[in-house]
Ligand code: C2O
Ligand code: CU
């Protein structure tokens with residue numbers, strides 16, 4: 048595990064310092080909102096859809112008129128959206144044309160371990176030897192590598208917005224920053240049966256922050272432009288990297304034209320480290336309700352109404368906003384109350400016209416949510432997410448230890464119900480692979496309204512203790528749990544979970 052803590056000399060700080068872009072930035076709400084392309088299957092066999100994705104570098108304009116090199120899935124940032132049906136398997140063949148090894152993880156997927164994107168299961172660039180030493184962890188037996196890799200996703204899980212992203216050991220954060228994220232929407236009959244807004248009235252939104260260097264490249268606190276070495280451990284890196292440009296679906300502070308009807312927003316915080324507190328505000332200062340209908344792992348039992356909604360890195364919220372009653376020409380801004388200056392702005396909706404609204408938000412959204420009771424739990428486990436240090440230096444650790452692929456941190460029985468109690472020093476969004484959980488308590492009290500439903504990521508606020516309850520009813524195998532502040536993750540705040 049020494050690699051994970053190597054060369055960390057700065058004391059990690061809980062509040063990131065924001066990088067400043069060195070190029071002119073556009074006025075907010077002048078760039079149209081892009082909709083990422085939906086990936087078409089390259090074929091269908093034995094009831095499964097087969098997709099192909101090539102990971103490659105492109106030069107694209109995120110900021111108008113400013114060419115920026117990106118690392119992409121199929122040439123776009125975000126990558127193409129995969130749309131799948133519950134219970135219908137999907138395979139994705141990834142080919143790596145990037146200069147570095149990669150790993151693909153479907154976040155929120157209940158995936159067999161061999162396809163889950165374990166951080167040492169690499170997709171190598173063409174021409175790389177399997178045991179090229181430079182990028183391997185300390186235990187070479189832990190590494191499996193290929194030039195292409197086919198990932199298999201059974202998707203026997205509820206309709207939800209999942210996302211896929213890079214997960215290579217120690218290098219996830221810079222790879223995500225450079226563009227390796229995409230959305231994956233699982234659909235099912237239960238969701239179809241509801242009259243939630245659909246078609247153009249359903250928008251999947253990848254929200255992230257970035258910063259741009261004077262030459263247009265993405266700024267990142269790294270010493271090596273190819274990231275062939277460990278990123279320089281500056282204070283800005285250690286706390287989690289923050290940019291000064293808010294990018295939605297790959298466009299800075301975009302604007303989108305809408306009918307004056309309900310819209311369903313599938314919100315994903317794909318930022319490395321930035322937290323948001325979103326609200327929808329009209330130009331005359333009125334806040335529209337954000338009616339939450341789903342969480343990370345799908346529909347809630349019943350809607351929950353918010354006026355502001357916190358979004359930690361990797362969390363998803365499924366909300367309905369009603370633009371009815373707003374006169375054509377009016378504007379609604381999605382604003383970030385945690386931002387300062389330009390990072391308060393996120394995107395805007397311009398009401399174009401009145402229209403008929405077929406949608407409805409039912410009082411009961413679903414009745415199939417599992418209920419786990421504390422009395423069923425066969426174990427209560429404690430995990431401290433804190434800064435730490437070893438002889439090699441400082442990092443971010445779980446229970447005092449940096450990630451080590453050769454160590455099993457927790458072994459749980461398939462089917463066991465357990466309570467996991469997390470504590471935090473600073474803000475840490477904690478994510479479990481393979482499972483979904485409910486928040487039981489937050490700060491010793493009842494969960495907050497936005498903790499509702501089935502989740503796979505829970506935001507621990509500074510100093511807070513959060514208990515979640517879960518049933519490990521997925522699959523056997525070796526999985527992970529970790530902080531989803533991507534820099535914290537790379538600095539060791541990750542652990543192995545073995546389901547047996
Ligand atoms: Cu979004 Cu372990 O990942
Ligand atoms: Cu963290």
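Residue numbers (the UniProt record's numbering): 48 to 547.
By construction, the Cβ of each residue, glycine as well, lies at the ideal position given by its N, Cα and C atoms.
In this text, all values refer to a predicted model and were calculated from it rather than measured experimentally.
Own chain partners of residue i with C-beta closer than 6 angstroms, once the 5 adjacent residues on each side are dropped
i, result
"residue 162", "198, 199"
"residue 335", "327, 368"
"residue 380", "328, 395"
"residue 431", "446, 470"
"residue 401", "307"
"residue 21", "Within the shown structure, residues of the chain are numbered from 48 to 547, placing residue 21 beyond reach of any answer."
"residue 492", "none"
"residue 251", "230, 313"
"residue 378", "330, 395, 397"
"residue 556", "The first residue shown for the chain is 48 and the last is 547, placing residue 556 beyond what the model contains."
"residue 274", "Summary for residue 274: the model assigns pLDDT 41, below 50, so the residue's position carries little reliability; its value from the coordinates is reported in the next sentence. Excluding sequence neighbours, residue 274 sits near 221."
"residue 179", "Low confidence applies to residue 179: its pLDDT is 47, below 50, so where it sits in the model is not reliable, and the reading given next is rough at best. There are no such residues."
"residue 310", "244, 248, 368"
Proximal residues to residue i (C-beta, below 7 angstroms), its chain only, five neighbours per side dropped
i, result
"residue 261", "69, 70"
"residue 130", "85, 232, 234"
"residue 193", "170, 171"
"residue 186", "Because residue 186 sits at a pLDDT of 47, beneath the cut-off of 50, its placement in the model cannot be relied upon, and the point is left open."
"residue 537", "217, 218, 219, 220"
"residue 413", "237, 346, 348"
"residue 291", "65, 66, 67, 68, 258, 389, 390"
"residue 241", "409, 412"
Terminal residues of the alpha helix (DSSP H) in which residue i lies
i, result
"residue 533", "533-537"
"residue 286", "282-286"
Residue nearest to residue i in terms of C-alpha spacing, selected from the options
i, options, result
"residue 214", "424, 545, 539, 547", "539"
"residue 428", "469, 290, 204, 401", "469"
"residue 221", "106, 360, 356, 319", "319"
"residue 358", "158, 165, 457, 502", "502"
"residue 244", "286, 338, 263, 267", "338"
"residue 81", "108, 376, 448", "108"
"residue 149", "282, 211, 230, 439", "211"
"residue 450", "90, 104, 165, 400", "165"
"residue 479", "363, 527, 519, 442", "527"
"residue 106", "295, 404, 419, 225", "225"
"residue 352", "90, 88, 495", "495"
"residue 175", "204, 159, 144", "144"
"residue 417", "139, 83, 205, 113", "205"
"residue 266", "309, 116, 403, 137", "116"
"residue 95", "364, 423, 202", "202"
"residue 297", "282, 488, 100, 120", "120"
"residue 103", "93, 90, 97, 173", "173"
"residue 364", "158, 160, 342", "342"
C-beta contact flag for residue i and residue j at 8 angstroms
i, j, result
"residue 208", "residue 232", "yes"
"residue 437", "residue 463", "no"
"residue 287", "residue 532", "yes"
"residue 508", "residue 546", "no"
"residue 253", "residue 355", "no"
"residue 350", "residue 229", "no"
"residue 497", "residue 322", "no"
"residue 397", "residue 304", "yes"
"residue 362", "residue 476", "yes"
"residue 125", "residue 524", "no"
Same chain, Cβ closer than 8 angstroms to residue i, five either side skipped, listed in chain order
i, result
"residue 73", "110, 111, 299, 300"
"residue 484", "467, 501, 502, 503, 505, 515, 516, 517"
"residue 392", "75, 76, 293, 300, 380, 382, 383, 386"
Test: residue i CB closer than 8 angstroms to a CB of chain C
i, result
"residue 95", "As a matter of chain content, chain C is missing from the structure shown, which is built from one protein chain."
Extent of the continuous beta strand (DSSP E) run through residue i
i, result
"residue 318", "Unbroken run through residue 318: none, as it is neither H nor E."
"residue 132", "126-132"
"residue 113", "113-120"
"residue 293", "292-295"
"residue 348", "345-353"
"residue 302", "302-306"
"residue 72", "Run containing residue 72: none; DSSP gives neither H nor E here."
"residue 330", "Careful: residue 330 lies outside any beta strand (DSSP E) and carries neither H nor E."
"residue 92", "90-92"
"residue 98", "95-110"
"residue 433", "426-437"
"residue 163", "Careful: residue 163 lies outside any beta strand (DSSP E) and carries neither H nor E."
"residue 86", "Run containing residue 86: none; DSSP gives neither H nor E here."
"residue 337", "337-342"
"residue 158", "Note, residue 158: premise wrong, no beta strand (DSSP E); not H, not E."
"residue 142", "137-143"
"residue 356", "356-358"
Every unbroken beta strand (DSSP E) within the stretch 184-266, with a cutoff of 3 residues, ordered by chain: 191-193, 195-200, 207-213, 228-234, 249-257
Start-end ranges of the alpha helix (DSSP H) lying completely within the UniProt domain "Plastocyanin-like" (440-544), minimum 4 residues: 533-537
Length at least 3, wholly inside the stretch 361-406: the beta strand (DSSP E) runs in chain order: 363-369, 378-383, 392-400
Environment of the ligand SAM in chain order, Cβ to heavy atom below 5 angstroms: Annotation note on the ligand SAM: not contained in the displayed structure, which lists the ligand C2O and the ligand CU as its ligands.
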